[in-house]
Amino acid sequence: MTRSPQPPKLAVRFFKWYCKDAMVEDMLGDLDEIFDNNRSKMPVWKATLKYWLQIFDLITSYSLRKRKNDSSFHVMSNTQNSAAMFKNYLKVALRSLGKQKLFTAVNILGLSAGMSIGILFITLISFVKTYDNFHENKENIYRIITNTDDKIKTKRLASSPAPLARLIKDDHSGFGDIVQINNSLHTEAQSGNKQLPVSGLFVDNNFLDVFSFELSAGDKSLKDPYGILLTQSFATKLFSDKDPLGEIIELGDMGEFTVRGILKDVPKNSHMWFEALVPYSTFEKLAKNEQIQANLNEWKDFRGNYTYLLLPENKNTDDLSSTLNQIAADKYSDIDLFDASFKIQTLADVALGSDTSDELGTSWGTEIYLMGLSLTLLILLPACFNYANISTARALSRAKEIGMRKVVGGVRKQIFLQFILETVIISLISLIGAYLIFTLIRSEFQSMLVAGANSMDFQITPINLFYAIVFAIATGVLAGLFPAIHFAGIKPIAALRKTAKSQVMGKVNMQKTLLVIQFALSFGFIMGIVVFIDQYRTAVNYDLGFNEENILDIKLHDVDPEIMRASLDKLASIEEVSMSSNVLGVNSNDRIWLHDKGDSIQVTQMFVDHNYIKNLDLNLIAGKSFEESESFSKNEQFTIVNEEFTKLKGFESIEAAIGQPVRINDTTQLRIAGIMDNFHFQNLSRKIQPLMFRNNPDHFTYANVKVVSDDIAGTIINIEEEWKKLSPIKFEAKFFSDEIDEAFDIYTNVVKIFFFLGFLAITISCLGLLSMVVFSTQNRTKEVGIRKVMGAPVFNVTYLLTKDFLKLMMLGSVISIPISYMLFTLLISQQNAYSTGIGILPVIISLVILLTLGLITVISQTWKVASSNPTDTLRYE
Amino acid sequence: MKGYLGEFEELVLLTIAAFGDEAYGVAIKEDIEKRTNRSISIGALHSTLTRLEEKKFISSWLGGATNERGGRKKRFFNLTAEGKTALSKSKELRDELWDLSQVSIKTAND
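Line by line, the protein sequences are chains A and B.
Mapping the first sequence onto this note's numbering, position 198 (from 1) lands on 1300, and the numbers just tick up by one.
Mapping the second sequence onto this note's numbering, position 94 (from 1) lands on 212, and the numbers just tick up by one.
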């Protein structure tokens, strides 16, 4: 009998493989028969092709899907009673958790720490989401923001020029209520002999109709131009128990105001914050009288001025957009090298994700999401890795159970579910721990994230709780995924025959990979801490170009600078007294635009007296300082600029700049009297900018006193006594060098956050490492016993047990070094424009720290095993 | 009556009925192909058979080992009582409609 052509073997095998345990014999039979029939009608190749096509036809058919589905349930598995299985899973899970106390503790600790960071960001984001939701008109309130482009830099400003609101009001109707706000109300509020700094807003009369800030007493109309509304807590601070309504407050140079109403405190989730409200019309009046510096007609001045609209119900914003585009085109198209456009923003977008500068209050960029997610993952991942590592390492102890389950009818899916459930239980227990950690670190983190800790409120609300539980379950699933897949794939025969490997440190496997990633992450954190400490040290010790030692900055408040100087000069321990408007390097950020023949440059200005340059050891490279006689005349004539200023202005040489005119505005023109060497008057994140010194005594707010006495404390007491004769206000003085240090607080905050997170990540990794070492050495106790009997010294055995882990640590570091190095170099260059880079030292220090920590962890266990008595270990069974 | 009887389903049911106890995959397929002069995919046929079985219109059993087709077993199908009811219900509906439309069909043919 000749062998007749057979159906393609590969196709049959493929089909059988695909169908697994499903009953498909009849289908294959059918296909065979068809193949046989076809063979007599067509060439073999065509019949074969048809066979293949039919295989695929069947694979994609409903009938095969159903058969596969049916076959995946064992005849004995009872799918009807899943509640009972669930109970069983729960019981087994709790039992096995109780049995392995060390591993359970390590897992719960790690997951708690990781999840606490997650909860922190859940509460943070949900708090940020509630921003401005208390305004009744929140659906219809819009803000006009400005995009500017001066050909060098584009900016996205939350503010808009002052004349814009008036223009819309006058020329375009139908846009509902327009509210102008100016935030330059920062001054001293005085009532009786009590004086407090106040920060508030100038607002249009309809402010409280548009925004829902609640009134608790008085009148909210803002009709009285010299009336003021105060918040409850500020009123209490200023007036104590007295009824504030109708009281008179003196606001710096702006005059006297009557308290007309008391508002409830601004809610923490408001994007704007104020202690006092004064009518906008008064602001315009004050600006006209030059009691306040403001340019109300300048379209190129955006800072501090805000425009909000309450559009009528159902009003389309397209009209407004096109009107704004038209206005921008009108006003800016003629200006060279400058362009600006207006955009509208809904109130909901204001606080979150607006990414604008010059904000009215707190605002969050979209980076908050990114930061939250990445920090959570960075801490959570090592914890999840621990879980995965430890549980797969423990596979041996569970293998029999799984084998048994499979034999009596458990299918892959069920085993998988069982282990996922077990992890979810752990992660839910960890959630409790995470909550405890969260309550501990909450306030600390609030103050690290934003300057004013009281502007935030992290609360566990029911909705947050819900998110936290969802988050915990997700964490559980994530952590349990690897082990569950691993366990589900165990072969029952191998498991019951005890040949399933416990798989501790095999060749290249998942556990090794995860350990390496953990070490790499830990290294990154350690290096972060080391690098930022290093940068902080160099930044604080950086030669800023002026002398800040032994100089005491005293706030002048309402004391006349001349009188202050006279009384300070009487004290013997004081060498020199100078006056200034700002503290150099700390808050010297009063910037103005100089317009000169179409060319405008932005310059930082500071008002100082004739002694200032000498007092701070600033280096005058050309010209001369202010004359003493000029210092106290209100008639400014000269200015002293830094070298950068002359460069930007384009003078041919430094000498040529002397005597050149500098036009400030229509009424003021100064001549350059001297030129200083460049020095760092801003923090180091910026390159040195152009700077000009002016000498108008009206602006002096600080007396800079150089103390030469050994008895510093005594001198300060003397000064304070002199002060008490001059003013009722509290004496405020700080050492210049301390203030400079404080200005570098950004570093301390970064270091703090890094330190805390790094501590968590490293602890988690070390715990994971510890349990892996415990496990792998436990499995080798017999081997160690035999080695010792054969004469191996303790040291060699320790080395043998340690070296695998050491290799992994090194590998993790090697992977991490270039990545961390680049990342931190990038971060540093943003923080410090004059940074010299990281250098090799921090890398070495970090490496040493990581290896020390890791080796301590590993050797603590391996040494114990290596030095154990072989008679005990060999008798182990 | 549960389940809607599709055109192809009805065809398969009737064919199974015609074969008596001898209806199995290839036989059904070839018979329908011969009578309707259209090609039927094996996947579609098996899916339909599975669905009909789910609806309890047919029942199936495996036959013994065979000499042809690589010694593989055949799966035979048989109509259940419910299947029969479904078929006759379907026929009744058609008859009713035929009676109603006979006049117009006749005139159309004239």
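Ideal Cβ positions, reconstructed from N, Cα and C, are used throughout, including at glycine.
Could you name the residues of the same chain whose beta carbon sits closer than 6 Å to that of residue i, not counting the 5 residues immediately before and after it, in chain order?
i, result
"Leu1426(A)", "Phe1444"
"Gln1762(A)", "Ile1774"
"Ala1581(A)", "Cys1486, Tyr1489, Thr1525"
"Leu1686(A)", "Phe1783"
Can you give the Cα-Cα distance for residue i and residue j, rounded to whole angstroms?
i, j, result
"Val1896(A)", "Val1945(A)", "32 Å"
"Asp1311(A)", "Glu1461(A)", "22 Å"
"Ile1330(A)", "Tyr1410(A)", "21 Å"
"Leu1871(A)", "Met1473(A)", "27 Å"
"Ile1429(A)", "Pro1263(A)", "12 Å"
"Ala1267(A)", "Arg1362(A)", "26 Å"
"Ala1319(A)", "Glu1352(A)", "21 Å"
"Val1743(A)", "Met1708(A)", "10 Å"
"Phe1205(A)", "Ser1873(A)", "7 Å"
"Leu197(B)", "Ser1493(A)", "54 Å"
"Val1126(A)", "Ser1165(A)", "10 Å"
"Phe1277(A)", "Asn1249(A)", "21 Å"
"Ala1574(A)", "Leu1583(A)", "14 Å"
"Leu163(B)", "Ile1619(A)", "53 Å"
"Ser157(B)", "Thr166(B)", "15 Å"
"Thr1973(A)", "Pro1920(A)", "48 Å"
"Met1612(A)", "Ala1185(A)", "34 Å"
"Trp1147(A)", "Gly188(B)", "19 Å"
"Asp1438(A)", "Lys1253(A)", "10 Å"
For residue i, which residues in the same chain have their Cβ closer than 7 Å to its Cβ, ignoring the five residues on either side in sequence?
i, result
"Ala136(B)", "none"
"Met1129(A)", "Leu1160"
"Gly1939(A)", "Thr1927"
"Glu1650(A)", "Phe1838, Ser1839, Ile1842"
"Ser1829(A)", "His1659, Asp1660, Val1661"
"Trp179(B)", "Phe194"
"Val221(B)", "none"
"Gly201(B)", "Leu131, Phe175, Ile176"
"Tyr1434(A)", "Phe1440, Asp1441, Ala1442"
"Val1899(A)", "Val1886, Arg1889, Lys1890, Ala1968"
"Ser1423(A)", "Ile1446"
"Ser1811(A)", "Ser1675, Thr1817"
If you follow the beta strand (DSSP E) that residue i is in, where does it begin and where does it stop?
i, result
"Glu1677(A)", "1676 to 1682"
"Ser1443(A)", "1441 to 1448"
"Leu1259(A)", "1256 to 1259"
"His1288(A)", "1279 to 1293"
"Asp1132(A)", "First-last for Asp1132(A): 1127 to 1143, but that is the alpha helix (DSSP H), not the beta strand (DSSP E)."
"Asn1407(A)", "1407 to 1412"
"Trp179(B)", "176 to 180"
"Leu1317(A)", "1317 to 1320"
"Arg1296(A)", "The displayed chain sequence assigns Lys, not Arg, to residue 1296(A). Note, Lys1296(A): beta strand (DSSP E), 1296 to 1305."
"Asn1249(A)", "1243 to 1251"
"Met1629(A)", "Segment 1612 to 1643 is the alpha helix (DSSP H) holding Met1629(A); no beta strand (DSSP E) there."
Tell me the residue span of the alpha helix (DSSP H) that contains residue i.
i, result
"Tyr1569(A)", "1564 to 1590"
"Pro1663(A)", "1663 to 1671"
"Pro1265(A)", "1264 to 1273"
"Asn1820(A)", "1814 to 1828"
"Ala1894(A)", "From DSSP, Ala1894(A) is part of no alpha helix (DSSP H); its letter is neither H nor E."
"Leu1222(A)", "1203 to 1231"
Exercise. Is the number of C-beta pairs between the region 1515 to 1523 of chain A and the region 1187 to 1201 of chain A that are closer than 8 Å three or more?
Worked result: yes
Exercise. Of the residues that make up the region 186 to 216 of chain B, which ones have a beta carbon closer than 8 Å to any beta carbon in chain A?
Worked result: Glu186, Arg187, Gly188, Arg190, Lys191, Lys192, Arg193
Exercise. Which of the residues in the region 133 to 154 of chain B, read from start to end, lie with their CB under 7 Å from any CB of chain A?
Worked result: Those would be Gly143, Val144, in chain order.
For this session: For the region 1159 to 1174 of chain A and the region 204 to 217 of chain B, state whether three or more C-beta atom pairs, one from each stretch, are separated by less than 8 Å.
Result: No: fewer than three Cβ pairs fall under 8 Å.
For this session: Identify each residue in the region 1120 to 1133 of chain A for which the Cβ-Cβ distance to at least one residue of chain B is less than 9 Å, and report them in chain order.
Result: Met1125, Glu1127, Asp1128, Met1129, Leu1130, Gly1131, Asp1132, Leu1133
Problem set entry | Selection of the region 1156 to 1177 of chain A by Cβ proximity to chain B, strictly under 7 Å | Gln1156, Asp1159, Leu1160, Thr1162, Ser1163, Tyr1164, Ser1165, Lys1168
For this session: May I ask you to verify whether the region 1566 to 1580 of chain A touches the region 1212 to 1224 of chain A, counting CB pairs closer than 8 Å and requiring at least 3?
Result: Because the criterion of three Cβ pairs below 8 Å is met, the region 1566 to 1580 of chain A and the region 1212 to 1224 of chain A touch.
Problem set entry | the region 1364 to 1376 of chain A / the region 1389 to 1404 of chain A touching (three or more Cβ pairs under 8 Å) | no
Exercise. Does the region 1662 to 1680 of chain A come close enough to the region 1816 to 1830 of chain A to have 3 or more Cβ pairs within less than 8 Å?
Worked result: yes
Exercise. Counting Cβ pairs closer than 8 Å, one from the region 1591 to 1598 of chain A and one from the region 1908 to 1920 of chain A, do we hit at least three?
Worked result: no
For this session: Evaluate the contact criterion for the region 1533 to 1552 of chain A versus the region 1621 to 1630 of chain A: three or more CB pairs, one atom per stretch, below 8 Å.
Result: no
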